[in-house]
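Since the structure comes first, as structure tokens, the remarks are kept for the end.
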Amino acid sequence: MFAKTTTSLFTLALAALSAQAIITPTSPDSNTVVKVGEKINALWTVDSTDNWNDVEIQLMTGDNLQMVPLATVATGIDGTKVASYSFDAPDVSPYSKIYFLQFTNGGATTNVTWTTRFTIAGADGSTTEPENSTVYSGQTVQWGTGTLLSSVTTDGSSNSTSSSNSTSDATSGGASASTASTSVSMSDSASSSDSSTSATSESSTSASASGSRTAAGASAASASASSSNSNSGAGQVTVGLGMVGVASLVGLIMAL
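Going letter by letter, the sequence shown gives residues -21 to -1, 1 to 235 in mature numbering (1 follows the signal peptide of the UniProt record, and there is no 0).
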């Protein structure tokens, strides 16, 4: 009975741990010093059972009990498959070991984890010591409250901008291709129209010439027929006169 109870409690404890499981940040750490403009590499352990598939990362400052968010540097990261994220260190004030990263799943503040404090230094490497120190659970923690002097740019936003430009270029290219295609089509249509007009004109000219030749032929035939009719009429008159002359001669002979 005791063994069964122990097993049941152990199973429930594991279930509770699984329900509250979180990713474990490993970088940046207390030894990390990043100059303004350099990459801040956020690293964490991946556990596919944690269901941290909507990781949000924020750059933070302040003490342990009054944390101040400076900027959201990433959202929507699948923490069950991806174990890192990079972004450019923004310009801040002061340059000191008073900055850290906060990780949540979908922004839920009921399950939060953090890195240790790390240093953001000036572009020339200059830094100052944290202004404050507080003892938490027997451990002295140095801290301070920084401010953001420039916006945070990330690899994700850079890739997004690149994609946007590619899309814009592709759209431009498509529009140019479409314009070129339209021009070619219009040109081809114009050429076809010109060819058709030319062909129609040639056909009309050919028909006109053919009609003229036909009319000329008809006129010639008519003239020939008229001439033939005239000649035939003249022949008939001549024959008639000849017959009259013969009849007269026959009459005279009979009278004698």
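Each residue gets a CB set at the ideal place from its N, CA and C atoms; glycine is no exception.
Just to confirm, are residue i and residue j a CB contact at a threshold of 9 Å?
i, j, result
"S129", "I99", "no"
"S63", "L22", "yes"
"W31", "I77", "no"
"T89", "F79", "no"
"V12", "K60", "no"
"V52", "G125", "no"
"T54", "D33", "yes"
"T107", "D42", "no"
"A102", "V47", "no"
Assign residue i to one of three DSSP states: helix, strand, or coil.
i, result
"V25", "coil"
"P4", "strand"
"S105", "coil"
"Y74", "coil"
"T132", "coil"
"N20", "strand"
"S127", "Inspection of the sequence shows that residue 127 is occupied by Leu rather than by Ser. Correct three-state label for L127: strand."
"W93", "strand"
"S112", "strand"
"A186", "Confidence in A186 is poor, its pLDDT being 36 and thus under 50, which makes the residue's placement unreliable; the coordinate value appears in the next sentence. In the structure shown, A186 sits in a helix (DSSP, three-state: H, G or I)."
"V61", "coil"
"N84", "strand"
"L49", "strand"
Could you give the residue range of the beta strand (DSSP E) that holds residue i?
i, result
"A68", "Element bounds for A68: n/a, residue is neither H nor E."
"T40", "34 to 41"
"Q118", "118 to 122"
"K14", "12 to 14"
My guess is that residue i and residue j are in contact by the Cβ rule of under 8 Å, so how many angstroms apart are they, rounded?
i, j, result
"F66", "I19", "6 Å"
"P4", "T92", "6 Å"
"P69", "G123", "Contact flag wrong, Cβ pair sits at about 16 Å."
"G86", "E35", "5 Å"
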